[in-house]
Amino acid sequence: MESKMINLIERAISSFLFRVVGQKRLESAILLISRLGYIDLLTLAYKNMGILKYENSLVSGEHFVITKVLKKYIKNEKPIFFDVGANIGDYAKELQQEFPNATIYAFEPNANTFEKTQNNLANLDIYCFNLGMGNQDEKKKIYSYGSDKYSQHASLYKDVMLDLHKAQTLVEIEIEVTTIDSFCEDKSIEFIDFLKIDTEGNELEVLKGAIKLISENRVGIIQFEFNEMNIVSRVFLRDFYKILDKYNIYRLDSNKLIPLLEYNSTNEIFKFQNLLAVNNKYY
Numbered sequence: 003m004e005s006k007m008i009n010l011i012e013r014a015i016s017s018f019l020f021r022v023v024g025q026k027r028l029e030s031a032i033l034l035i036s037r038l039g040y041i042d043l044l045t046l047a048y049k050n051m052g053i054l055k056y057e058n059s060l061v062s063g064e065h066f067v068i069t070k071v072l073k074k075y076i077k078n079e080k081p082i083f084f085d086v087g088a089n090i091g092d093y094a095k096e097l098q099q100e101f102p103n104a105t106i107y108a109f110e111p112n113a114n115t116f117e118k119t120q121n122n123l124a125n126l127d128i129y130c131f132n133l134g135m136g137n138q139d140e141k142k143k144i145y146s147y148g149s150d151k152y153s154q155h156a157s158l159y160k161d162v163m164l165d166l167h168k169a170q171t172l173v174e175i176e177i178e179v180t181t182i183d184s185f186c187e188d189k190s191i192e193f194i195d196f197l198k199i200d201t202e203g204n205e206l207e208v209l210k211g212a213i214k215l216i217s218e219n220r221v222g223i224i225q226f227e228f229n230e231m232n233i234v235s236r237v238f239l240r241d242f243y244k245i246l247d248k249y250n251i252y253r254l255d256s257n258k259l260i261p262l263l264e265y266n267s268t269n270e271i272f273k274f275q276n277l278l279a280v281n282n283k284y285y
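Shown next, in the form of structure tokens:
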């Protein structure tokens, strides 16, 4: 597996450099870069693969998904969108700007952050819910920075905050958790055109809570994160392939989709990346 990863990274580096300098100068360029020891070739390779591109929605590819991919695939005149882990609502706002006729549901479990969500989306036709999504109806604790009541970072996993976000102190916030299946049944929602999930390592549990809809081909396109937090939650990319076996899976880049398609263990890279699952029945 290690040798496969090295080969994958080497190909990514070569591809990037070939585009920049051309074939004839490729060898000298690699030699020059190797002499400049402060350049991180591994990070360069990751970014060329659509990984570690988190600076903003343009870099991460989220803007590309909303303005290009969804525009291409979604033909429903009044689509239904779910933003699970809406944070302060910026993603939901961009969805509404591009799809003014869409019905958008934004879910944010952290009550403190939810105040900002509501304020940010106050004048828009977006339904906001102070709810978390998981695999069953229950009350749970979410962890956030003890030093910042309105922090945009929070997780159901304490170690995500301590180890990855380097929180010195934590505050526990009790939240209400439901499932997408239950919510849709209650609201008589038959089909979700686009489901976006950003739940700090809890993405798989959210999908488990939508298993009825997924198994019945009632979710069109799903965007979710895969990163270091999945080490804490002990979730592999393979787990997503199992539950999304009716979907084609892509990694987002700034202005393109990188096909991952069939499962390959070399893609088990626990670094920030957005993945897109497209239901192969419809698209």
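Numbering (our numbering) for the sequence shown: 3 to 285.
For every residue, glycine included, the Cβ atom is placed at its ideal position computed from N, Cα and C.
Since the structure is predicted, the reported quantities are computational estimates derived from the model, not experimental observations.
- In terms of CA proximity to valine 234, Thr201 leads the group Ala212, Ile251, Thr201.
- Between serine 256 and glycine 63, the CB-CB gap stays under 7 angstroms.
- Non-local C-beta neighbours of asparagine 103 in its own chain, meaning closer than 7 angstroms and more than five positions away in sequence, comprise Glu79, Lys80, ordered along the chain.
- Taking 7 angstroms as the cut-off, the Cβ atoms of glutamate 140 and valine 179 count as close.
- By the Cβ test, the segment 117 to 127 is in contact with the segment 87 to 100, since at least three Cβ pairs between them sit closer than 8 angstroms.
- When the alpha-carbon of tyrosine 252 is set against those of Val61, Asp195, Leu246, Pro261, the nearest one is in Pro261.
- According to the DSSP assignment, threonine 180 belongs to the beta strand (DSSP E) that extends over 172 to 180.
- The alpha-carbon separation between isoleucine 224 and aspartate 247 amounts to approximately 13 angstroms.
- Sorting Lys73, Asn269, Leu209, Gly222 by C-alpha distance to the C-alpha of lysine 283 places Gly222 at the top.
- DSSP, reduced to helix, strand and coil, places glutamine 154 outside both helices and strands of the structure shown, so it counts as coil.
- For threonine 45, the enclosing alpha helix (DSSP H) covers residues 43 to 50.
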